[in-house]
Every structure is written in structure tokens, then in C-alpha cells.
Amino acid sequence: RNCYMLDIKTLSSLVLGKDYVAQSDFRTVNHAITGEPIYQVSSAGIDTKAVVDYAKEYGSALANWTFHQRANALKLVAQYLLQRKEDFYALATATGATRKDAWIDIEGGIGTLFAYSSLVRRELSDETTLVEDAWIPLSKNGTFGAKHILSPKAGVAIHIDAFNFPVWGMLEKIAPTLLAGVPCIVKPATEGAELTHAVVTAINESGLLPEGSLQLICGQTYDLFDHLNVQDTVTFTGSAATGQKLRAHPHLNAYSIPFTMEADSVNSAILSPAANDETIDLFVREVFREVTTKAGQKCTAIRRAFVPADLLETVQTRLVEKLQKVVVGDPSREEVTMGTLASVKQKLDVAEKVEQLSQEAEVIFGSHLRKDFSLQVDDEEKSACYPPTVLVCNNPSQAENIHRIEAFGPVVTLMPYRDQAELGALVARGEGSLVASIVRNADENIEAVLKKIAPWHGRVHILDSESARESTGHGSPIPLLVHGGPGRAGGGEELGGLRAVKHYMQRTAIQGSPDAMTQVSHSWTAGAQVFEDRVHPFKKSFDELRIGERLLTARRTVTEADIVNFGSLSGDHFYVHMDKIAAADSLFGERIAHGYFIVSAAAGLFVDGTPGPVIANYGMENLRFVEPVKIGDTIQVEFTCKQKTPKAQRDPAEKAHGVVVWDIKVKNQHNELVATYDILTLVERSA
Ligand code: NDP
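691 is the number that full-length UniProt numbering gives the last residue of the sequence shown; the numbers go up by one with no jumps.
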């Protein structure tokens, strides 16, 4: 740290709606290739309480936006960033990343915004809170029950990010947070902070999010944690040591503030014992990719590669052959295929860790120890270049370091295993990881291996010749899948589709009457008040329909002719419908109507056939056949408007419309429920 400003760019913090530029206590960041100082970072003197208050006062406006408003804004933010991506690529060169490495970070990050935006628009209603489940009955007569709802936490999320993904690392966390309706304060790692700063500047410039919903502290967090309260959350990505220290902060403990940690882990790749030639190649390719991409600086990268003892030599030879062709150095040179580490500090750290690993394993390729690899940079000393490095540990059961120490760079240790029991025990020595790959022959059953290793991992990637064509790879976290892992990996979960959004919301079990539940969940609940009208619901526009609007249809007696005709028309001659003798021996004791006939006959009862505002029926959900309908039974339908969701008009030529969900209950002459389901219709809005 320098007390005084150098004559280089000073990175501000983006807080309280303006730039905060510190005057002392700077940390200088150097160019990963040339070693030149490029900018300095400090947040000394920042008023962290004011930053937290600002997020809560202004950024909390997000909670009043609906899920779709938040998701639409996020999509526009993603488009805005995509238009400026070249500015971000230009800054990424200072971190030693190749164009391909930077693509994962920049476009991978922006892609995560798009994916989250579309997930929320697809899966959630256009509401400010989320109703998690259907009515849970808690009484005999249906007057008391419950639902769980999730509301945006009335606080702020602090995201502390790692240096290796300055863009993706931030975006993958702020996407679910903002969608939940919660403002964020981001603290990027000092290395790479320039890139994060550029992205946050662009997001703020876009004006697409409420003021205060995204602030950035470049530098240290100082007493930030002391100003958090019970509604706030903290996430952390980085080293296990820092994570453990921060997690133990007394203020976080005192207020039960959730702390989600994603720390370095010693991820595995496993080659199956029966591996054929093609499978060995797949394994080698995957390990190679994980060593070289982002110069191995990925939290998911393969650190331990487990190989059947009799295949170790083959794997070793093929991997080294591939790595010999890698050209490491300054990514601006055309011949360079692998970039550098993020800083000289990281290079020294990796070198030290390789030395610790080499106490138990032989370095067979690369490293600073062998000097059998040339680096394509002007000044090797000043650059953060480190060669791809392979170690072999022949006695992994006796080793400690290789299961515990993560060299956060292009380093992998190969080790033999003899049987499944040994493999399971060795993998578990990593004490919990983000991800493992099992590489198998396409026709091989690896369930036993999976059962052993799944409890130790947040994700398991099964690779074979069939999935290899389209696999996203061992190292890529996917928005829809959980990213995190037990134990050493931090014990947290990120991404995982809507799980991450829910993380920033409070789940509350709401108990009450069907009417109370209809009111708070904006969705009609069985037993709640209904409204009947002489005008058929299909004659009403989206805006005219009321939640709870009910049509009680005419009755229809089901005859033998109905069953025979439906069987002939559909070709469904299942014995319980069509074979009197077999049906007599069945669970039902006699012939019963086809369930699909009941659904069709119900439509015949509730549909109004004349043209009207209903545009289409586009689906059905939660269908259950509760009781059989026998010949001579009489059915009737209760058809109730359950939920309404207006839809955004994509172009002016399209008729404005919304989705109406109808609750359908088909009952018999004893008032018993025989079938229940929801149908989804598109209904025009009032002109
Ligand atoms: P750190 O754990 O030190 O830093 C991670 C983040 O925490 C950075 O933003 C850092 O800020 C911040 N931080 C550090 N100390 C504090 C503190 N007292 N209060 C608040 N924030 C703090 O990791 P490094 O970046 O130094 O990397 C070290 C090692 O971590 C790597 O070698 C690798 O093994 C592992 N790592 C794991 C990653 C993963 O994804 N799981 C990703 C990156 C690294 P600042 O940069 O300003 O210090």
C-alpha cells in the first residue's frame, strides 16, 4: 500500500450517486504482462453507513417493481452492455486474458443477465412477491389453510468478488439480487477492479435501474459490515482463508446475516476404469482445457485428475503432448494461445503452491522448477506468465498437500487409483468441491461412482462421446444449475435458476381463510368468495374479468355410448373403458369413462362457442383424476377465474392481451371431485 497517490489513474468508488475518490492508502495494480503500474485503488475515508443507507433509501424502489419490470430492465441493461463490449475487452488485456478468456468473463456475464431475465419472465407472475405453493389445507371444512410467500428482503446485498472474473463474477450475483427486488453494493477484487468499474459505470449511465440499486466500493470495505442489519445479506467469492475470517465477523453473527461463501476448491476429474481410447482422449482434452483456459484461474478448474493405475502412463503422455503445443505469453501476440495469471503476486503464490505440491508429487511438465517451457513475453520477471504444469503423485492415499492445496493457476496433479473404494475415499479428501467430471465410455454405468462422490460436490459433469459434442464443459457454471459446493468450497449455493433469486427474499408461511389468501396471493383459492353473472366469462375481456368469477355449468350424464364413441374416436381401447369382463376384475369393478373424455366433456360444458375476447387455450396444468366416472354418473363443472397476468404488447399490430388461469373442478352427482386442473387462456384486453 502507498500512502500517496501515484501519477496514474485512480479508480473511484461509485456510491451515493457520484464518484468517491480517496486521498490516501492506495493499492497499485500492475499490468499483468508488462508489470507497469496501471491504476491505483483506495476507498479510504468512505462513509460506508451512508452507502448502506443510500441503497435502502433509493435502491429499495426496486421492491415496488414487478418481477417482469425488473426482468425487462435487466434485459435492456444486458443489451446496453453488449453494445459496449469492445471497451471491456480492451480493459481485459491488462489482466493477461486472451480474447477467449475475456469472452467467458464479459459475454458469459452478459449472457447470465439475459438468461436470468428470460427465466424470470417465463417462470414468475408479474407481481412484486412470489407465491411459492398452492393452498395447503389445515382444517376439516376448508376455512383455514396456508401458502408460502416470498417478499424482497428490505435490505441490501453486499457482494465481495474475486479477481478472476471481474465481470461475470459481479453479474452472476447482481442478476438474481436485482430480480428479487434488492439493491446491491459490490466490492470487486482490487486486481481487475478497473473492468468491474467500467461495467458498473455503463450500467449506471444506462439509467435503466433505480438510483442506488447498484453501488461499487473499489478498495476496502472498512466498517461496512457494522452497518448491516437483519434484512441484509453478504456473498463472498475468493480464498477460503478470507471467507472464513469474514464469515466469523461478530456483527454478522449477532444479527444472523446470511453469508454465502464460494471458496477455492480442489476439483476432480475421474477417468473411468474401463476407459477406451476415445474416452481417454476426451479426458485428456477436458483436463487440458481446464489447465489452459484463463491460465487455470477458475474456481471450477480441475486440480486433481484421477486415473486408473494401468492408464496413468498413457494419460500422462497424451496430456504432455498436447501441452507442449501451447504458447504462453502476451495475448496480443498472434501465436499465443494461453494468457497470463492476473498478477505477479498470483504468479508467486502459484509457484509457492507448486513447491508444496512437489513435496508429494513429481513435476513432469512445466512449472518454474523445470524451466522446460518458454514464455512469449518481453520481460518474464515482470510479467505474470506461468507455464502449464503437470504433477504426478503415485501414492495419493499417503499425500496431504495435493488434496488440500489449490495452486490457482495452470496446474494439475495426475494420480492413480486402483478401485472404486479407493477412488471414493481420495475424492472425499478434497473435503468438498464445486464440481467433478466423470469421463466414461458411452455405454458404461457409473452410478456407483456418482453415488460416492455426489455428496461432496455441488455439480457433477458426466462426459462421454455422446454428450461431448454439446457439453458446456467441466468448468462452466450455468445460470440454471447450482454453482457452489459443500465444505472447502464454501458451503454456499449460487445460480441454480430461481433458487438464487429466492435467496434474496424472505419466505413467510401465511395462514388464514381462503378469502384472506386470495387477497394476498392475487390468486383465487378454493373456498374463497365467488361471483356469478349472467354474462358468460368467455364474453368478458381480460380487464372485465374478476378473480373469483365463477360459472357453474349444466350437468351431463355419462353414458355407455359416450365411452364407446370416445374409445373409437381416440383409438384408446384400454380395458377398463372398453372390456366389461376385464374392467369387472379391475380396481374399479366396472367400466369407467376415459379421463381424457372427462376433460373433453368438461370443455363442452364450460366453453361458449361464439367468437369473443378469448383468443386461445394454450395449456393445462396440475391435472389430477380424483375419482372414477362410471356409466350413469352425472358430471358438472365449476369454472373459476383464478389468476390474471397482463402481457406486454410486443408490437402495436398485436392485440393487447393477458393470460387468464381458470380453476376447473369437475364433480359428480354426489358433489365429489372427479377431476381438477387449471387451464391457461389468452384473453384480449378491453379496447
Ligand atoms: P481473497 O480471498 O483475498 O479476496 C477475495 C475478495 O475478498 C477480494 O475482493 C478481496 O479484496 C476481498 N477481501 C480480502 N480481504 C477482505 C477483508 N478483510 N474484508 C473485505 N473484503 C476482503 O483472494 P485473492 O483475490 O487474494 O486470491 C487468493 C486466492 O483465492 C487465490 O490464489 C485462489 O486460491 C483463491 N480464489 C478463489 C476463487 C474462487 O472462485 N473460489 C476466485 C479467486 C481466488 P481485495 O482484492 O481488495 O483484497
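Virtual Cβ for every residue (Gly too), placed ideally from N, Cα, C. All of these numbers come straight from a predicted model, not from anything done at the bench.
| message | Which same chain residues end up closer than 8 Å to Ile221 when comparing Cβ atoms and leaving out the 5 residues on each side of it in sequence? | response | Translated into the one-based positions of the sequence shown, residue 221 becomes position 217. Result list for Ile221: Ser17, Val19, Ser47, Ile50, Thr52, Val55, Ile189, Val190, Lys191 and Leu228, in chain order.
| field | Beta carbon of Tyr93 nearer than 8 Å to that of Glu198 | value | Along the sequence shown, one-based indexing puts residue 93 at 89. Along the sequence shown, one-based indexing puts residue 198 at 194. For the 8 Å CB-CB criterion, Tyr93 and Glu198 do not form a contact.
| Going by other Cβ atoms of all chains shown within 10 Å of its Cβ, with 16 needed for buried, is Arg484 buried or exposed? | By 1-based counting over the sequence shown, the position of residue 484 is 480. The amino acid at residue 484 is misidentified as Arg; the sequence shows Leu. When all chains shown are included, Leu484 counts as exposed.
| message | Report the start-end ranges of each alpha helix (DSSP H) in the stretch 596-637 that is 4 residues or longer and not cut off at the edges. | response | Unbroken alpha helix (DSSP H) runs of no fewer than 4 residues, entirely contained in the stretch 596-637, are found at 599-610, following chain order.
| Does DSSP classify Asn569 as helix, strand or coil? | Looking up residue 569 in the sequence shown gives position 565. Three-state result, Asn569: helix.
| field | Three-state secondary structure assigned by DSSP to Pro312 | value | Taking the first residue of the sequence shown as 1, we reach residue 312 at position 308. Reduced to three states, the DSSP call for Pro312 is strand.
| query | In terms of DSSP beta bridges, what is Tyr62 paired with? | reply | The residue given as residue 62 occupies position 58 in the sequence shown. Under DSSP, no beta-bridge partner is assigned to Tyr62.
| task | Give a single yes or no on whether Asn405 has its beta carbon closer than 7 Å to a heavy atom of the ligand NDP. | result | On the sequence shown, position 401 is the one that residue 405 refers to. No.
| request: Could you name the residues of the same chain whose beta carbon sits closer than 6 Å to that of His487, not counting the 5 residues immediately before and after it, in chain order? | output: Reading the sequence shown from its first residue, position 483 is the one you call residue 487. Counting only Cβ-Cβ distances below 6 Å, and skipping sequence neighbours, we find Pro481, Glu498 and Leu499.
| query | Got a sec, what are the start and stop residues for the alpha helix (DSSP H) Lys104 sits in? | reply | By one-based count along the sequence shown, residue 104 stands at place 100. Element bounds for Lys104: Arg103 to Glu127.
| With a CB to CB cut of under 7 Å and the five nearest residues on each side skipped, what residues in its chain are close to Ala179? | The residue given as residue 179 occupies position 175 in the sequence shown. Leu78, Thr116, Leu117 and Tyr120, listed in sequence order.
| task | Give the straight-line distance between the Cα atoms of Ala565 and Thr638, rounded to the nearest whole angstrom. | result | Position 561 of the sequence shown holds residue 565. Position 634 of the sequence shown holds residue 638. Using only the alpha carbons, I get a separation of about 14 Å.
| What residue range is occupied by the uninterrupted beta strand (DSSP E) comprising Ser437? | What you label residue 437 is simply residue 433 of the sequence shown in a count that begins at 1. Here the beta strand (DSSP E) through Ser437 covers Ser437 to Val443.
| Val664 vs Phe546 beta-carbon contact at 8 Å | Residue numbering aside, residue 664 sits at position 660 when the sequence shown is read from its first letter. Residue numbering aside, residue 546 sits at position 542 when the sequence shown is read from its first letter. In terms of Cβ geometry, Val664 and Phe546 form a close pair [threshold 8 Å].
| So what does DSSP say about Phe535, is it helix, strand or coil? | Within the sequence shown, residue 535 is the residue found at index 531, counting from 1. DSSP places Phe535 in the strand class (E or B) of the three-state scheme.
| Would a C-beta distance cut-off of 8 Å place Glu625 and Asp667 closer than the cut-off? | Position 621 of the sequence shown, counting from 1, holds the residue named residue 625. Position 663 of the sequence shown, counting from 1, holds the residue named residue 667. Result no, Cβ atoms of Glu625 and Asp667 do not sit closer than 8 Å.
| message | Between the alpha carbons of Ile274 and Ala493, how many angstroms are there, rounded? | response | Taking the first residue of the sequence shown as position 1, residue 274 is located at position 270. Taking the first residue of the sequence shown as position 1, residue 493 is located at position 489. Looking at the two C-alpha atoms, the distance is approximately 19 Å.
| query | If we ignore side chains and look at the alpha-carbon of each, how far apart do Glu384 and Asn34 end up? | reply | Within the sequence shown, numbered from 1, the residue matching residue 384 stands at position 380. Within the sequence shown, numbered from 1, the residue matching residue 34 stands at position 30. Distance between Glu384 and Asn34, taken at the CA atoms: about 14 Å.
| Out of curiosity, what's the CA-to-CA distance linking Asp281 and Ile108? | Here residue 281 refers to the residue found at position 277 when the sequence shown is read from its first residue. Here residue 108 refers to the residue found at position 104 when the sequence shown is read from its first residue. Cα-Cα distance, rounded: 30 Å.
| field | Any beta strand (DSSP E) of 3 or more consecutive residues that is wholly inside the stretch 128-179 | value | With a minimum length of 3 residues, the unbroken runs of beta strand (DSSP E) contained wholly in the stretch 128-179 fall at 149-156 and 161-164.
| So, do the stretch 523-539 and the stretch 148-168 have three or more beta carbon pairs nearer to each other than 8 Å? | The answer is yes - the stretch 148-168 touches the stretch 523-539, with three or more Cβ pairs under 8 Å.
| query | CA-CA distance, Leu80 and Ser122? | reply | As a first step, residue 80 is located in the sequence shown; it is residue number 76 there, counting from the start. As a first step, residue 122 is located in the sequence shown; it is residue number 118 there, counting from the start. For Leu80 and Ser122, the distance between alpha carbons rounds to 12 Å.
| Is Leu418 helix, strand or coil by DSSP? | Working through the sequence shown from its first residue, we reach residue 418 at position 414. In this structure, Leu418 counts as strand in the three-state DSSP scheme.
| Span of the beta strand (DSSP E) holding Phe292? | In the sequence shown, residue 292 corresponds to position 288, counting from 1. Phe292 -> not in any beta strand (DSSP E); alpha helix (DSSP H) instead, spanning Asp281 to Thr296.
| field | Residue range of the beta strand (DSSP E) that includes Met342 | value | Translated into the one-based positions of the sequence shown, residue 342 becomes position 338. Per DSSP, Met342 is not a residue of any beta strand (DSSP E), being assigned neither H nor E.
| query | Would the beta-carbon of Thr239 fall within 8 Å of that of Lys302? | reply | As a working mapping, residue 239 is identified with position 235 in the sequence shown. As a working mapping, residue 302 is identified with position 298 in the sequence shown. Not closer than 8 Å, so no.
| In chain order, what residues of the same chain have a beta carbon less than 6 Å from the beta carbon of Gln673, not counting five sequence neighbours either side? | Counting from 1 along the sequence shown, the entry for residue 673 is found at position 669. Shown here for Gln673: same chain residues with a beta carbon closer than 6 Å to its own, the five before and five after excluded, namely Thr638 in chain order.
| task | Indicate, with yes or no, if the ligand NDP has a heavy atom lying under 7 Å from the CB of Phe412. | result | In the sequence shown, counting from the first residue as 1, residue 412 sits at position 408. Yes; taking the cut-off as 7 Å, the Cβ of Phe412 has a heavy atom of the ligand NDP nearer than that.
| Cβ of Tyr58 within 8 Å of Cβ of Gly216? | Within the sequence shown, numbered from 1, the residue matching residue 58 stands at position 54. Within the sequence shown, numbered from 1, the residue matching residue 216 stands at position 212. Taking 8 Å as the Cβ cut-off, Tyr58 and Gly216 qualify as a contacting pair.
| Three-way DSSP call (helix, strand, coil) for Arg74 in this model | On the sequence shown, position 70 is the one that residue 74 refers to. Helix at Arg74.
| message | Give me, in chain order, the residues of the same chain whose beta-carbon lies closer than 7 Å to that of Lys584; leave out the 5 immediate sequence neighbours on both sides. | response | In the sequence shown, the residue the question calls residue 584 occupies position 580. Within the same chain, and ignoring the five residues on either side of Lys584 in sequence, the residues whose Cβ sits closer than 7 Å to its Cβ are Arg595.
| Are the C-beta of Glu564 and some C-beta of chain D separated by less than 8 Å? | No chain D appears in this structure, which consists of one protein chain only.
| Just the Cα atoms here: how many angstroms apart are Val618 and Phe570? | Your numbering for residue 618 matches position 614 in the sequence shown. Your numbering for residue 570 matches position 566 in the sequence shown. Between the alpha carbons of Val618 and Phe570 lies a distance of about 27 Å.
| query | Once you ignore the five residues that flank Gly247 on each side, which residues in its own chain have a CB closer than 7 Å to its CB? | reply | Within the sequence shown, numbered from 1, the residue matching residue 247 stands at position 243. For Gly247, same chain residues with a beta-carbon under 7 Å away, outside a window of 5 residues either side, are Phe240, Met265, Ala267 and Gly494 in chain order.
| field | Reference Gly491; option with closest CA among Arg433, Met509, Gln510 and Arg538 | value | Taking the sequence shown and counting its residues from 1, the one referred to as residue 491 is at position 487. When the alpha-carbon of Gly491 is set against those of Arg433, Met509, Gln510 and Arg538, the nearest one is in Arg433.
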